[in-house]
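Remember, the numbering used here sits 1 above the position in the sequence shown when you count from 1.
A virtual CB, placed ideally from N, CA and C, is assigned to each residue, including glycine.
In this text, all values refer to a predicted model and were calculated from it rather than measured experimentally.
For reference, the structure is listed below as structure tokens.
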Amino acid sequence: MKRLIFVTELLLLNLLVFAQEAPEVRDISIEGLIGAVAKILYPAGIFIGVAMVVKSGYDFMVSQGSPNSTKAASENLTSALLGLLFILLSVVILRVIINSLFGGVGF
């Protein structure tokens, strides 16, 4: 047991050598934070929406004419398309509002 502790300490001791200097602390405003989050969530939402459309199309093709499976796939496809539409329209509306109110560049 002592040998295991010694070997573990020996292996972890070199991690101190790889320590780095802390990066500069930037002053982040709420607008910058919201913009950064929106830049991440917008493509993620589009990706999930497209994946759901593909999955619904696959489920529709695999349903083999079963009324319950076809109906479920059709409802999922409708929901996925409406979700994509809401995401796209929300971005367009936000950009129009930001440009008209603030006259600046939105996210």
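| Where do the N-terminal and C-terminal ends of the alpha helix (DSSP H) with G50 fall, by residue? | Taking the sequence shown and counting its residues from 1, one reaches residue 50 at position 49. I31 to V63 is the extent of the alpha helix (DSSP H) around G50.
| How long is the line joining the alpha carbons of V63 and V55, rounded to whole angstroms? | The residue labelled residue 63 in the question sits at position 62 within the sequence shown. The residue labelled residue 55 in the question sits at position 54 within the sequence shown. Taking the straight line from one Cα to the other gives about 12 Å.
| task | Could you check what DSSP says for I104 in three-state terms: helix, strand or coil? | result | Here residue 104 is taken as the residue at index 103 of the sequence shown, counted from 1. First, the amino acid is wrong: residue 104 is Gly here, not Ile. G104: coil per DSSP, three-state reduction.
| field | Three-way DSSP call (helix, strand, coil) for V26 in this model | value | Translated into the one-based positions of the sequence shown, residue 26 becomes position 25. Assignment of V26 by DSSP, reduced to helix, strand and coil, places it in the coil class.
| G84, DSSP secondary structure in three states | Walking along the sequence shown from the start, residue 84 turns up at place 83. Helix.
| message | Please classify G50 as buried or exposed, where buried requires at least 16 neighbouring CB atoms within 10 angstroms. | response | The residue you call residue 50 lines up with position 49 of the sequence shown. Buried: at least 16 other Cβ atoms inside 10 Å.
| Burial state of S67, where buried means 16 or more other Cβ atoms lie within 10 Å | Taking the sequence shown and counting its residues from 1, one reaches residue 67 at position 66. Its Cβ having fewer than 16 others within 10 Å, S67 is exposed.
| Quick one: Cα of Y43 to Cα of N69, how far? | Here residue 43 is taken as the residue at index 42 of the sequence shown, counted from 1. Here residue 69 is taken as the residue at index 68 of the sequence shown, counted from 1. Cα to Cα, Y43 sits roughly 33 Å from N69.
| task | Would you mind stating whether S80 and F61 have Cβ atoms separated by less than 8 Å? | result | The count along the sequence shown starts at 1 and reaches residue 80 at position 79. The count along the sequence shown starts at 1 and reaches residue 61 at position 60. For the 8 Å CB-CB criterion, S80 and F61 do not form a contact.
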